[in-house]
Amino acid sequence: MATLNVLIVDDEPGIRSGITRILRDFSVDFPFLNEEFDFNLIEVETGESAVEHLDAGEVDIVLLDNKLPGIDGIEVLEYINDKEFDCSVMMITSYASLDLAIKATNNGAYNFVPKPFTPTELKTSMEGITKNLYLRRMTKKMNTEGKQIRFQFLSVLSHELKSPLNAIEGYLNIIKERQLGDNVTDYEMMIDRSLERIKGMRSLIMDMLDLTRLESSAKKRDVQKVDLVEIMRLSKDTMSPLAIQKNIKINIDVQPDHIFYMADRQEIEIIFNNLVSNAVKYNKDNGEVSCVLREEGDRIRISVSDTGIGISEEDIPKLFQDFVRIKNEKTKTISGSGLGLSIMKKIAEEVYHGTVSVESQPDMGSTFTVTLPRTPTMGR
Amino acid sequence: MEQFKNMTALIADDDVDMTTQLSLQLQKMGFKVLIAESQKETEEIMEATKPDIAIFDLMMDNKDSGFILSYKMKKKYPDVPVIILSAVTSDTGMMFGVNTDEEKAWIKADCYLEKGLRTEQLEKEIFQLLNKEHN
């Protein structure tokens, strides 16, 4: 839990104490960012004393009224910009000065809350500004650490998480307003689509968790002797319900009967589950999936082939990038996060120093092959 | 409400749920709706048809499909109002708008709106862009 210092600048005592009351026991957390914030609230009456606090350098968020007795809010905002203080500003302003609020936003204020506001409105805005501040500081930190890519990842992630929410919210509003009349069955498609988007979002979150686990240095890896054949069979069982629906046969061909390997069980499960689930998801009805597991000299080879829609040559290089999903008529109805293969590749190559390759023919099927060195030299 | 009878709206979004919802809303307003699911498809439709208004998603085949389409639309039909409707906003780490001259210089859309906005807000913008009285 981190605490952010919030400077409340307003000459009306009622507004100040109101804000304090609302935010005193409020905290903001972002599960996927693994952070939680609460607020230390500082009340001041004038722009002048706001400047003093800012100069002391202990302010994270400023809730700023524009109409102040001495120097006004906009001037405080300009001061913050000039001095490049690392804080986020939210203007609190009455409806009458909407124009001004927009100007302020263009001048670097994160957003504005119109007065009067409800507790919920204030809390929602605080969530937004906190996330903005957090992401901005992360970016700064990452830029200095040369980790811009990671930030892009976060920003694409929030986009990917918002899209299903927007879709579901839209459908719910249509249903709430009975836009298609009172017949419940007319809304069935919208309910189905909402459920489908929720499913997609869940799979994204699950994949995210895999990735977080993988990238978090705090995670303790549990390396022990595991039987790859057993894990392969488990993956088959996991995917069986979907395979049965599409009447797909999953064959397992292993040699020898047990292949023991020093590894973190969860990581190996992620690799196998991704291979088998893709082979089923992107297969045709009545198709087949062949899983081959072989010990070949100092390497172990895992190949999973399907009789599915295949991948065109130009799409293959894109396959392993974060959030990239090959979009075409054939993949339109298949839900996925676009993270599975990139996670799998990270584990196989970065953690186990193995290789990942793919061969494919459109409309015929694809074969994904992972090889792992017999004596793994662990990446971390 | 059928103020926009005999008018055509072109909408482009690779999210089928967004196009479903948008086209429902626009049809209620009286529009005939043309739907495209990619930048390429949108360009094909633009070749053959001049819509009365266009609403583009930002990220489709390309990360800036919406910007490219706005540019092409304005080049071909300068008088067709264009709205970009995107989930890319300040809280996803990028902020676009058409408020400053600098932005207007390269973003050719008339208006940049955030997805998840209330239907009335979108309606209001459409009324404004097409110079209709909102009742």
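Quick mapping for you: the protein sequence lines, in order, are chains A and B.
Each residue of the first sequence is one higher than the one before, starting from 1424 at the first, in my numbering.
Each residue of the second sequence is one higher than the one before, starting from -12 at the first, in my numbering.
By construction, the Cβ of each residue, glycine as well, lies at the ideal position given by its N, Cα and C atoms.
Since we're looking at a predicted model, the values are computed, not measured.
Query: Contact list for the region 1587 to 1603 of chain A against chain B, Cβ threshold 9 Å; Result: P1587, L1588, N1589, A1590, I1591, E1592, G1593, Y1594, N1596, I1597, E1600, Q1602, L1603
Query: Residue burial classification, H1681/A (beta-carbon count within 10 angstroms, cutoff 16); Result: exposed
Query: Cα-Cα separation, L1651/A to V1699/A; Result: 14 Å
Query: Enclosing beta strand (DSSP E) for N1428/A [first to last residue]; Result: 1425 to 1432
Query: 8 Å Cβ cutoff, L11/B in contact with chain A; Result: yes
Query: N- and C-terminal bounds of the alpha helix (DSSP H) containing L1698/A; Result: 1688 to 1704
Query: Min CB distance N1530/A to chain B below 8 Å; Result: no
Query: V1793/A - partner residues in DSSP beta bridges; Result: I1725/A, V1779/A
Query: Proximal residues to M1801/A (C-beta, below 6 Å), its chain only, five neighbours per side dropped; Result: Confidence at M1801/A is low in this model, with a pLDDT of 49, below 50, so the placement of that residue should be treated as unreliable; the coordinate-derived value is given next. Excluding positions up to five away in sequence, the list is empty.
Query: M1513/A in three-state terms, based on DSSP; Result: strand
Query: Any chain A beta carbon closer than 8 Å to V75/B; Result: yes
Query: Residues within the region 1607 to 1627 of chain A neighbouring chain B, beta-carbon criterion of under 7 Å; Result: R1616, R1620
Query: Spatial distance of A41/B from L1584/A (CA atoms); Result: 26 Å
Query: Reduced DSSP secondary structure (H/G/I, E/B, other) of N118/B; Result: coil
Query: Element boundaries [beta strand (DSSP E), containing R1717/A]; Result: 1711 to 1719
Query: Alpha carbon of T1832/A to alpha carbon of I1732/A, nearest angstrom; Result: There is no way to answer for residue 1832/A, as the model of chain A reaches only from 1424 to 1803.
Query: K1768/A - DSSP class collapsed to helix/strand/coil; Result: helix
Query: CB contact below 8 Å: G1802/A versus chain B; Result: Unreliable positioning characterises G1802/A in this predicted model, as indicated by a pLDDT of 44, which lies under 50. The coordinate reading is nonetheless provided below. Not closer than 8 Å to any Cβ of chain B, the Cβ of G1802/A fails to qualify, so no.
Query: Where Q108/B falls, given that 16 or more other Cβ within 10 Å makes a residue buried; Result: exposed
Query: C-alpha gap between Q12/B and M1424/A, whole angstroms; Result: 43 Å
Query: Three-way DSSP call (helix, strand, coil) for Q1668/A in this model; Result: helix
Query: Chain A within 8 Å of L102/B, Cβ atoms only; Result: Reading off the sequence shown, one finds Lys at residue 102/B, where the question assumed Leu. Yes, because at least one Cβ of chain A sits closer than 8 Å to the Cβ of K102/B.
Query: Three-pair Cβ contact test at 8 Å for the region 1728 to 1748 of chain A versus the region 1763 to 1779 of chain A; Result: yes
Query: Option nearest E1396/A by Cα separation, candidates D1478/A, L1487/A, E1719/A, D1633/A; Result: Lying outside 1424 to 1803, the shown extent of chain A, residue 1396/A is not represented and no answer is given.
Query: Rounded straight-line distance, which links the Cα of L1446/A to that of Y1533/A; Result: 18 Å
Query: Environment of F18/B [buried if 16+ CB atoms lie within 10 Å]; Result: buried
Query: Residue-chain proximity (H1681/A, chain B), Cβ-Cβ < 8 Å; Result: no
Query: Distance between beta carbons of L1556/A and I1442/A, contact taken as under 8 Å; Result: Going by Cβ atoms, the distance from I1442/A to L1556/A rounds to 17 Å, so no, they are not a contact pair.
Query: Buried versus exposed, by CB contacts within 10 Å (16 or more), E1737/A; Result: exposed
Query: Nearest neighbour of D1786/A, chosen from T1778/A, T1794/A, S1440/A, S1735/A [CA to CA]; Result: S1735/A
Query: Whether A(-1)/B touches T29/B by CB criterion (8 Å); Result: yes
Query: Where the region 2 to 26 of chain B meets chain A: residues whose CB sits under 9 Å from a CB there; Result: D2, V3, D4, M5, T7, Q8, L9, L11, Q12, K15, E24, S25
Query: Touch test, the region 1605 to 1621 of chain A against the region 1585 to 1597 of chain A, Cβ-Cβ under 8 Å, three pairs minimum; Result: yes
Query: Extent of the continuous beta strand (DSSP E) to which V1646/A belongs; Result: 1646 to 1650
Query: Bridge partners - I1465/A, DSSP secondary structure assignment; Result: L1430/A
Query: Simplified DSSP state of S1658/A, which is helix, strand or coil; Result: helix
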